[in-house]
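Presented below is the structure to which this report refers.
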Amino acid sequence: MRERIAQAMKDALKSKDQPALSTIRLIKAALKDRDIAARSDNNHDGISDDEILSMLQTMIKQRNESAKMYEDGGRPELAAAEQAEIELIKQFLPEQLSHDDIEKAIEGAVEQTGAASIKDMGKVMAHLKEHYAGQMDFSAASQMVKAALMG
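Once you know that position 89 of the sequence shown is 70 in the numbering used here, the rest is easy, because the numbers rise by one and skip nothing.
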């Protein structure tokens, strides 16, 4: 994962793609911050690829929120810039699961964890995060898990 980010930065530098370069620099800065925090926990190798995927998803979520605020505030050019960053960050994520695939993953997680009620939601979410990191929006998935466990 780190190699892909480094290669993307080299490519953006060579092609003089300033928007891509600034977004990749933001990714690298966030990664460095998380690595430094991990080192204080005696993890000298930095964060794992799964944690990098989670970080990227958080960055996308933040940009989606910013884009919505810009749209609501009548600043479509700023919203478009946020959307462009989102598209660039998504290039580092694995292919996202479809709605149907997410439902199947939730069914499998409920079955494998033996979840029977809403009290077991944490187990199901932990299973999904372990097996599908970077492949789904977990805030949306949590709503689907809740519905599955209540229904």
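Even for Gly, the Cβ is constructed at its ideal location relative to N, Cα and C. Here the structure is a predicted model, which means the values were calculated and not measured.
First and last residue of the uninterrupted alpha helix (DSSP H) at residue i
{"i": "S35", "result": "D30 to D53"}
{"i": "G27", "result": "Note, G27: premise wrong, no alpha helix (DSSP H); not H, not E."}
{"i": "S123", "result": "F119 to M131"}
{"i": "A1", "result": "Q(-1) to R20"}
Outcome for residue i when other beta-carbon atoms lying within 10 angstroms are tallied against a minimum of 16
{"i": "A198", "result": "The structure shown has nothing for residue 198, since the chain only spans -18 to 132."}
{"i": "G115", "result": "buried"}
{"i": "Q124", "result": "exposed"}
{"i": "L(-6)", "result": "exposed"}
{"i": "A1", "result": "buried"}
{"i": "Q38", "result": "buried"}
{"i": "M50", "result": "exposed"}
{"i": "I83", "result": "buried"}
{"i": "M131", "result": "exposed"}
{"i": "E111", "result": "exposed"}
{"i": "H80", "result": "exposed"}
{"i": "A122", "result": "buried"}
{"i": "A107", "result": "exposed"}
{"i": "E63", "result": "buried"}
As assigned by DSSP and simplified to three states, the class of residue i
{"i": "F73", "result": "coil"}
{"i": "L78", "result": "coil"}
{"i": "A97", "result": "coil"}
{"i": "N116", "result": "Rather than Asn, the amino acid found at residue 116 in this sequence is Gln. Coil."}
{"i": "M(-18)", "result": "coil"}
8 Å CB neighbourhood of residue i in its chain, flanking five on each side removed
{"i": "M(-18)", "result": "D30, I33, L34 and F73"}
{"i": "I67", "result": "I41, R44, N45 and A48"}
{"i": "M(-10)", "result": "L2, I5, R6 and K9"}
Inter-residue CB distance, residue i and residue j (contact presumed, cutoff 8 Å)
{"i": "I8", "j": "D16", "result": "Actually they do not touch by this definition, with Cβ atoms about 12 Å apart."}
{"i": "L109", "j": "A86", "result": "6 Å"}
{"i": "M134", "j": "Q77", "result": "Residue 134 is absent from the model: the chain starts at -18 and stops at 132."}
is_contact[residue i, chain D] using C-beta, thresh 8 Å
{"i": "A61", "result": "Among the chains in the structure shown there is no chain D, since it carries only a single protein chain."}
Neighbourhood of residue i by C-beta distance below 7 Å, restricted to the same chain and skipping five residues each side
{"i": "R(-15)", "result": "F73"}
Chain-order list of residues whose beta-carbon lies under 6 Å from that of residue i (same chain, five-residue window excluded)
{"i": "D26", "result": "none"}
{"i": "D14", "result": "none"}
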